[in-house]
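*Asks:* I have a structure I would like to understand better, so I am pasting it below and will then ask my questions one at a time.
In this note's numbering, the protein residues as written are 48 to 154.
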């Protein structure tokens with residue numbers, strides 16, 4: 048987490064991988080399987096949970112939720128699914144990006 052700017056009210060799991068020059072805003076929660084690439088901005092009240100890989104130079108707006116289980120009634124928690132986000136994307140406020148439904152899938 049070298050050179051990362053993390054607000055004191057944010058909760059970042061010690062196992063999360065946080066890149067250089069990442070900014071994490073107030074009241075955000077970053078889970079243990081999260082990988083956040085360098086120069087990504089995570090605004091306030093963002094939740095990143097589950098297996099999530101986020102590339103470099105992204106912007107994630109207030110209140111976004113990334114990596115939650117899919118809204119699929121047939122989904123089983125035993126399935127290994129993930130979210131993969133590339134570089135230089137803008138994810139607006141209150142956006143939700145759920146994990147894939149089929150085993151081994153990525154969103």
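Beta carbons: idealized from backbone N, C-alpha and C, even for Gly.
Mark residue 151 as exposed unless 16 or more other C-beta atoms lie within 10 angstroms of its C-beta, in which case mark it buried.
*Replies:* Residue 151 sits at position 104 when you count from the first residue of the chain shown. So residue 151 counts as exposed.
*Asks:* Is it true that the CB of residue 136 sits closer than 7 Å to the CB of residue 103?
*Replies:* By 1-based counting over the chain shown, the position of residue 103 is 56. By 1-based counting over the chain shown, the position of residue 136 is 89. Contact: no.
*Asks:* Among 154, 52 and 107, which residue has its Cα nearest to the Cα of residue 70?
*Replies:* In the chain shown, residue 70 corresponds to position 23, counting from 1. Out of 154, 52 and 107, 52 has the C-alpha closest to the C-alpha of residue 70.
*Asks:* Could you work out which residue in 96, 99 and 106 is closest to residue 86 when comparing CA atoms only?
*Replies:* The residue labelled residue 86 in the question sits at position 39 within the chain shown. Closest by alpha carbon: 106.
*Asks:* Could you check how far apart the C-beta atoms of residue 82 and residue 100 are, in whole angstroms? I think they sit under 8 Å.
*Replies:* Within the chain shown, numbered from 1, the residue matching residue 82 stands at position 35. Within the chain shown, numbered from 1, the residue matching residue 100 stands at position 53. Here residue 82 really is in contact with residue 100; their C-beta atoms are around 5 Å apart, less than 8 Å.
*Asks:* Whole beta strand (DSSP E) runs in the stretch 77–125 with 3 or more residues, listed along the chain?
*Replies:* 81–83 and 99–101
*Asks:* At which residues does the beta strand (DSSP E) containing residue 130 begin and terminate?
*Replies:* Position 83 of the chain shown, counted from the first residue, corresponds to residue 130. First-last of the beta strand (DSSP E) with residue 130: 130–132.
*Asks:* Leaving out five residues on either side along the sequence, give the residues of the same chain with a beta carbon under 6 Å from the beta carbon of residue 57.
*Replies:* Counting from 1 along the chain shown, the entry for residue 57 is found at position 10. Here the set comprises 71 and 75.
*Asks:* To the nearest angstrom, how far is it from the Cα of residue 120 to the Cα of residue 140?
*Replies:* Along the chain shown, read from residue 1 onward, the residue named residue 120 stands at position 73. Along the chain shown, read from residue 1 onward, the residue named residue 140 stands at position 93. Distance between the alpha carbons of residue 120 and residue 140 is about 26 Å.
*Asks:* Exposed or buried, residue 90, counting other C-beta atoms within 10 Å across all chains shown (16 or more means buried)?
*Replies:* Counted from its first residue, the chain shown places residue 90 at position 43. Buried, since its Cβ has 16 or more Cβ neighbours within 10 Å.
*Asks:* Does the Cβ of residue 96 have 16 or more other Cβ atoms within 10 Å, making it buried, or fewer, making it exposed?
*Replies:* Here the question's residue 96 lines up with position 49 in the chain shown. Per the 10 Å Cβ criterion, buried.
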